[in-house]
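Numbered per UniProt numbering, the sequence shown spans residues 42 to 534.
Where a beta carbon is used, it is the ideal one built from N, C-alpha and C, also for glycine.
Here is the structure we will look at.
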Amino acid sequence: QLQTKHSHRRQKVLVVANRLPTKPKRDADGNWTFERCSGGLVSCLAGIRAKFDMVWLGWPGADFNDVEKDIVANEAMKQGCYPVFLRQNLIDEYYNGFANNVLWPLFHYIMPPFDKGVNECSTGQWEAYRKANEIFTEAILSVYEDDDYVWIHDYHLMLVPKFLREAKPDCNIGWFLHTPFPSAEIYRTLPWRQEIIESLLHANLLGFHVYDYLRHFLSSCVQLTSLEISAHSVDATSIGGCIVTCATVPIGISPDEFLTGLQKPEVKQQIEQLHEQYAGRKVILGIDRLDYMKGIPHKLMSFGRFLENHPDWADKCVLVQLAVPSRRDVPEYQRLQRQVHELVGQISGKHSSIATGVPVIYMDSSMSPDDLSALYNVADVALITSLRDGMNLVSYEYIACQHGKTVPGVLILSEFAGAAQSLGAGSIRVNPWHLQDTAHAIYEALMMGSEEREALHDYAFKYVSEHTAQKWAETFLQCLQEACSDLMEVTSQ
Ligand code: F6P
């Protein structure tokens, strides 16, 4: 167990993410529920508790009045969480506005409309972003003790490293980006590029999913600063930062959670039911958050193309598409939902018949982990057409849930997802913008022989089971400890 140099207490890791892993809700009768979120970061970080005490700081997902805040804070603390409360106007401007309407599109290579400057509409949102980052920093300072490690997550909180370093010069700070970092040519269109990049350079360690994102970040540093930059570090001491280490630490999943889930009698029963329901049809599965960068319209259009190219498949396959609602207050997401509904309607109108039924089963909803595992298991093909994606763990989950099948399913994976760099050789890689290419990949996947399927699956499963979520978190923290101790050595010389 790791202890601090100042006392015998265990060192803490303060995990700072925009969202808490618990969702407080009050029903019409005034009863509270605190649903614990599963998957994602939550399971990634479970292993850390063995070594460190951990406190998770984040926004509890809604605006609460003072009485409600006490209830939420008490319950959150029982779960090792520290809520960071934000008022509705700040949520609108910081979360819906700057984070999800300025940074999110830009980091996924979507530029503002060609006849508009981003700063005209977003200056207030930038101020709100700064304010929210200050509020998060204050929250960190209220639980921080000397020698703790502060692990900041994602594009929502890029100003925290500088605020924190100014308040606690010796603080151990790590930041991990869950999205792509765009090419410097895209990044430097951002009016606030300088403040953001300089703030990040106040951390000890910056982590990225894949080497390309790290490379783009370093190119931005070259173009926007006059600091000394090497292949994996930036000397930011002259701007009050430190010698910042940059590392590639790809995230993973906990495959055991899925493999154990698949053994549950209720999941086995669900699998049987799904097999009966889709008997005689191949299931092509799409699971995405309803986000424009997931390329759901491209997927639907490619599937439509496939049916046009191969009308004989109309009664032999079905596309099951789950679109989990996300960021519903952002207008772009509302527009996307309408567009997707229209496309589903068009494909169904064109390819449905009384004899064959509908070719697309589309759901605007989420699913329980057990139902999801069953669906992953029965799917013959998983189709991932992200236009840009930090990693894409759906591809990993599909591979995990295919394990143990006599004839495993085939993963079709966009080359624009970070996962293409790890699972590329275990999948059919596609350019989702090339509808004909994706349509052909669907055909290829459906027709693939068992030997080739097994070879692809074995490759992908080996990767998924070796590069787990727990390993990701441990590796990041180990790199952070090394980055911080290297720094101590340099300063004490
Ligand atoms: O980095 C992408 C991410 O922020 C994930 O951490 C998160 O699961 C997803 O996008 C959805 O985020 P939210 O619903 O909090 O906006």
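Exercise. How would you label residue 197, buried or exposed, when you count the other beta carbons within 10 angstroms and need 16 or more for buried?
Worked result: buried
Exercise. Once you ignore the five residues that flank residue 397 on each side, which residues in its own chain have a CB closer than 7 angstroms to its CB?
Worked result: 355, 356
Exercise. DSSP state of residue 319, grouped into three classes?
Worked result: coil
Problem set entry | Any non-hydrogen atom of ligand 1 closer than 7 angstroms to residue 63 Cβ | no
Exercise. Given 8 angstroms as the limit, is there contact between the region 412-419 and the region 462-481, that is, 3 or more CB pairs closer than that?
Worked result: no
For this session: Identify every residue that forms a DSSP beta bridge with residue 95.
Result: 54
Problem set entry | Reduced DSSP category for residue 398 - H, G, I as helix; E, B as strand; rest coil | strand
Exercise. Are there 16 or more other CB atoms within 10 angstroms of the CB of residue 213, so buried, or fewer, so exposed?
Worked result: buried
Problem set entry | Inter-residue spacing [alpha-carbon to alpha-carbon] between residue 457 and residue 229 | 21 angstroms
Exercise. If we call anything under 8 angstroms between Cβ atoms a contact, is residue 362 one with residue 333?
Worked result: no
Exercise. How many angstroms separate the CA atom of residue 44 from the CA atom of residue 343?
Worked result: Note on residue 44: pLDDT 48, under 50, position unreliable in the model; the coordinate value appears next. Each residue's alpha carbon lies about 55 angstroms from the other.
Exercise. For residue 170, which three-state DSSP category applies?
Worked result: helix
Problem set entry | Between the CA atoms of residue 353 and residue 345 - distance to the nearest angstrom | 13 angstroms
Exercise. Is the distance from the Cβ of residue 241 to the Cβ of residue 176 below 8 angstroms?
Worked result: no
For this session: Answer with buried or exposed for residue 459, where buried requires no fewer than 16 other C-beta atoms within 10 angstroms of its C-beta.
Result: buried
Exercise. Which ranges does the beta strand (DSSP E) cover as unbroken runs of at least 3 residues, wholly within the region 183-217, from first to last along the chain?
Worked result: 190-194, 213-217
Exercise. Is DSSP giving residue 362 helix, strand or coil here?
Worked result: strand
Problem set entry | Candidates 470, 487, 451, of which the one nearest residue 498 by Cα | 451
For this session: With DSSP collapsed to three states, give me the class of residue 537.
Result: The shown model of the chain, from 42 to 534, leaves out residue 537, and the question about it has no answer.
Exercise. Quick one: what does DSSP say residue 455 is sitting in, helix, strand or coil?
Worked result: strand
Exercise. Hey, how far is the Cα of residue 253 from the Cα of residue 69?
Worked result: 48 angstroms
Exercise. Taking the runs of the alpha helix (DSSP H) that are 4 residues or longer, which of them lie wholly in the region 373-427?
Worked result: 410-419
Exercise. Applying the criterion that 16 or more other CB atoms from any shown protein chain within 10 Å of the CB defines a buried residue, is residue 216 buried or exposed?
Worked result: buried
For this session: Return the bridge partner residues of residue 330 from the DSSP annotation.
Result: 365
For this session: On a CA-only basis, which of 270, 399, 200 is nearest residue 324? Give me that one, please.
Result: 399
Problem set entry | Contact under 8 angstroms by Cβ, residue 347 with residue 483 | yes
Exercise. Hey, out of 99, 514, 289, 152, whose CA is closest to residue 256's CA?
Worked result: 289
For this session: Note the first and the last residue of the continuous beta strand (DSSP E) segment covering residue 108.
Result: That residue, residue 108, is in no beta strand (DSSP E); its alpha helix (DSSP H) goes 107-119.
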